[in-house]
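First residue of the sequence shown: 349, per this note's numbering; consecutive thereafter.
Backbone N, C-alpha and C fix where the C-beta goes; we use that ideal spot for every residue, glycine too.
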Amino acid sequence: MVTKNYHTSFIQILLLILLLAAINLSAQTTCTYCKKSIEGNYITVEGKNFHPEHFLCSSCSQIITGSYAQEKGKFYHPDCLTEKNAPFCDLCKKILKSSYVSYDGKKYHEECYRNSIEKKCAVCKEGLTGYITADIYGNEFHSAHEKEYPKCDACTRLTAPEITGGGVRYNDGRAVCKLCHPNAVFADAMFNSLYKKVLAGLSSSGFSINTENVSVKGVDKNTLKSKAAKSFTESLRGFCDTQIRSEYRNDKLVKETASFTVYVLNGLPPIYTESIIAHELMHVWFHQNGLSGLDALTTEGSCNYLSWTWLSRSPDPAAPMVIKMLEADTDPVYGEGFRRIKQNFAGKPLKELFVYLRGRK
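Spelled out as structure tokens, the structure:
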């Protein structure tokens, strides 16, 4: 009996020891960060326990002492959380602490935007604000600069040093930029050479006129104004002067001879001169084909179309921009007339235009 009681007491003591051990284990504190038991001091935050050195900011990974901030179960220094949620500059990637600039769906420090993103005036290099003008070459500038610098009479750029290197003033008041002026055509021999060049090129496309009484002369704006008289406008660059000589016998008209002098504005680069010559030669064609009475929309539109045809085949690097100016012309006669003719005949042989025009007689 004594032995039996001994064994019973031993088992009870062993169970008691195990129970106490289990209670002790369950009472141990575990660090939420390292998952190890904590011995000694620890920090309890929002029901979670940490070794003091393991209560870390989820942003900068440094120990948090004092106040803290919480977001989605993570802990931060208050400043770190503010910085984490603050907008960042899309250029320098630093926080935007105060006012900033929004542009094209992105945010920038004012200085970052001003120095690296903001478009600059092509003339003064300051930020493009207020009234802005853009030319067909992609130059953007404050509209006020148009009062400082005249536009080039050829390419229409501002004759500002920053855009074209400046410009040259002609005696007739025109300004031509220093990109266009080096090749400007003034000599009579050059005008005659360009006339023959254009005539030969257009002839290969089916254009034909009687050249016996046709001449081309380069003139300044004042002379052009005098020759064009009532037909003159500030945008006029060429004029076909037609003179009719009548011969009579016994008071009876026996013969009429027409002579044509094509006046072309001088001081422009060759490609512009060629374009003007092509336009005016079409006026010669109209007269020689008895079509001088057609409406202005058809006449001037066809003349511009002949220029466009010539320019479209020219290897001159400036030709595409001259075409662009021709196509962008807002004049209700020259511009609209050209667009109508182009819409109907672009891509077709030039002869089809001539057949159409003769059918309007």
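If you keep only unbroken alpha helix (DSSP H) runs of at least 4 residues inside the segment 484-537, you get 509-512. ARG505 counts as buried, since no fewer than 16 other beta carbons sit within 10 angstroms of its beta carbon.
Residue state for GLY586 is assigned as strand, using DSSP reduced to three classes. If you ignore the 5 residues before and after LYS709, its C-beta comes within less than 7 Å of the C-beta of GLY638, LEU639, all in its own chain and listed in chain order. In this chain, the beta strand (DSSP E) harbouring ILE391 covers 391-393.
The beta carbon of GLU648 sits closer than 7 Å to the beta carbons of VAL681, TYR682, GLY685 from its chain, once the five residues preceding and following it are set aside; these are given in chain order. Minimum Cα-Cα distance from VAL562 among the listed residues LYS473, GLU496, THR605, THR392 corresponds to THR605.
Fewer than three Cβ pairs drawn from the segment 418-434 and the segment 461-480 lie within less than 8 Å of each other, which leaves the two stretches out of contact. Taking THR609 as the centre and dropping the five residues before and after it, the same chain places the C-beta of SER563, LYS565, ASP589 closer than 7 Å to its C-beta, in chain order. Cβ neighbours of HIS457 within its own chain (closer than 8 Å, five residues either side excluded): CYS437, LEU439, CYS440, LYS442, LEU444, TYR448, VAL449.
In the DSSP assignment, SER464 falls outside any beta strand (DSSP E) and carries neither an H nor an E. Per DSSP, the unbroken beta strand (DSSP E) holding LYS455 starts and ends at 454-456. If you look at GLY695, you'll find it isn't in any alpha helix (DSSP H); DSSP assigns it neither H nor E. Closest option to GLY475, judged by alpha-carbon separation, among LYS575, TYR461, HIS425: TYR461.
Of all alpha-carbon atoms in SER662, GLN591, ARG585, the one lying nearest the alpha-carbon of ILE624 is that of ARG585.
Shown here for SER491: same chain residues with a beta carbon closer than 6 Å to its own, the five before and five after excluded, namely TYR479, THR481 in chain order.
Pairing TRP656 with PHE555 gives a Cβ-Cβ distance that is not under 9 Å. Look at TYR704 here: in three-state DSSP terms it is helix. Per DSSP, the beta bridge partners of ALA417 are TYR424. Separation of the CB atoms of ASN487 and ILE511 is rounded to 6 Å, and the pair is thereby assigned contact status at 8 Å. Counting along the chain, no alpha helix (DSSP H) covers ALA482; the unbroken beta strand (DSSP E) around it starts and ends at 480-482. Among the bridge pairs identified by DSSP, THR581 is matched with none.
Within the same chain, Cβ atoms closer than 7 Å to the Cβ of THR380 are found at LYS396, ASN397, PHE398, the five residues on either side in sequence being excluded.
Here GLY649 carries a helix assignment [DSSP, helix/strand/coil].
When the five nearest sequence neighbours on each side are left out, the beta carbons in the same chain lying within less than 7 Å of the beta carbon of ALA666 are those of PRO617, ILE619, in order along the chain. The beta-carbon distance between ALA508 and TYR518, rounded to whole angstroms, is 18 Å. This is too long to meet the 8 Å contact definition.
Contact check for LEU629 and VAL546: beta-carbon distance about 7 Å, within the 8 Å limit, so the pair qualifies. Counting every other CB atom within 10 Å of its CB across the protein chains shown gives VAL670 a total of 16 or more, marking it as buried. The Cβ neighbour count for SER650, taken over all protein chains shown within 10 Å, is at least 16; the residue is labelled buried. ILE624 carries a helical assignment under DSSP once its states are collapsed to helix, strand and coil. If you draw a 10 Å sphere on the C-beta of GLU622, you find 16 or more other C-beta atoms in it, and that means buried.
Between VAL524 and GLY515, the CB-CB gap stays under 9 Å.
In the DSSP annotation of this structure, SER407 is not part of any beta strand (DSSP E), being labelled neither H nor E. Look at GLY554 here: in three-state DSSP terms it is coil, with no helix or strand label.
For SER446, the secondary structure class from DSSP, reduced to helix, strand or coil, is coil.
Judged by beta-carbon spacing, THR571 lies within the 9 Å limit of TYR611, meaning their Cβ atoms are closer than that value.
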